[in-house]
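One structure is given below, encoded as structure tokens.
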Amino acid sequence: MLRRSVTDMQVVIGALFIAVAFSWLERRFPVRRQKRFRPGWFTDVCHWVFNQTIVNVGVVIGAIPLYLLLGWAINPSFQTKSAHQPGYLQFTCAIAIAELSFYLIHRLFHHIPSLWKFHAIHHSSEHLDWLASVRFHPVDMIAARLGIGVPLVILGFSAETFGFYITFNIIQSIFIHTNVRCRLPGLRWLIGDPQLHHWHHSKDVHNKNFGHPLIDLLFGTLYNPPPGDFPRAVGVEQKVPSSYLKQLMYPFFKY
Ligand SMILES: [Zn+2]
Ligand SMILES: [Zn+2]
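Under my numbering, the residue at position 146 of the sequence shown is numbered 131, and the numbers go up by one with no gaps.
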């Protein structure tokens, strides 16, 4: 338990350090000049502070029916073998499986109208930066965590692999939302980059760049823009409320 809480604290400190580092990069190499306290920053801070608890509870509640439904697929001897594979192999496989799961869930949230109302909260940001990476409706986050976590649990990846994957995921998610003009082609194909993900948020190009660029390439949803070309505007056409509490309620009511 102590070990678990120390690990959580390390993740929080690590995320804060990364946030400060990306904040500096945004000042130094910005895609767009925007204020540090741009519109919507307080709403995003609320998402950052409050979503985690809601999501943790939701994941536990959501995991119960999934366990009842998919418990038959758990094979302890396979899980033991899997957890004893070399770390690099587990990590590579875990990323590949998680990225594929995320891609499929993300597409569903774009294409099914009732799910889109949840995901529209993430797309309502009109100023992308590292802080915008935390703006998600908790239901959207719960679905992604369960969709990614269930296959990884069934396949029996070790706790260390989970820890590495969570760290990787936090860094990647912050990085691709940053307001940073980044020119590292190798990195783009390894973990994605801000230019590709900003186009996912574009008001002009729709349903492109859902996840890892290689998976988008495989499924024909990659939009690979010319070097240095960022979208004119990001956001959604529909009217999404700006306050945190109204964003939580938005998918359930007509505004
Ligand atoms: Zn999306
Ligand atoms: Zn995004």
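Ideal Cβ positions, reconstructed from N, Cα and C, are used throughout, including at glycine.
Apart from the 5 residues on each side of it in sequence, Leu74 has no Cβ closer than 6 Å to any other Cβ in its chain. The residue among Leu131, Arg166, Gln180, Gln232 with its C-alpha nearest the C-alpha of Leu55 is Leu131.
The region 139 to 152 makes no contact with the region 84 to 93, as fewer than three CB pairs between them are under 8 Å. Bridge pairing for Val225: absent [DSSP]. Its Cα nearest to that of Pro123, the residue Gly43 stands out among Gly43, Phe27, Lys20.
Non-local C-beta neighbours of Trp33 in its own chain, meaning closer than 6 Å and more than five positions away in sequence, comprise Val119, ordered along the chain. With at least 16 other beta carbons inside 10 angstroms of its own, Phe94 counts as buried. Between Gly177 and Ile155, the C-beta gap is not smaller than 7 Å, which leaves the two residues out of contact. For Val16, the three-state secondary structure derived from DSSP is coil. Beta bridge pairing from DSSP links Ser187 with Val219.
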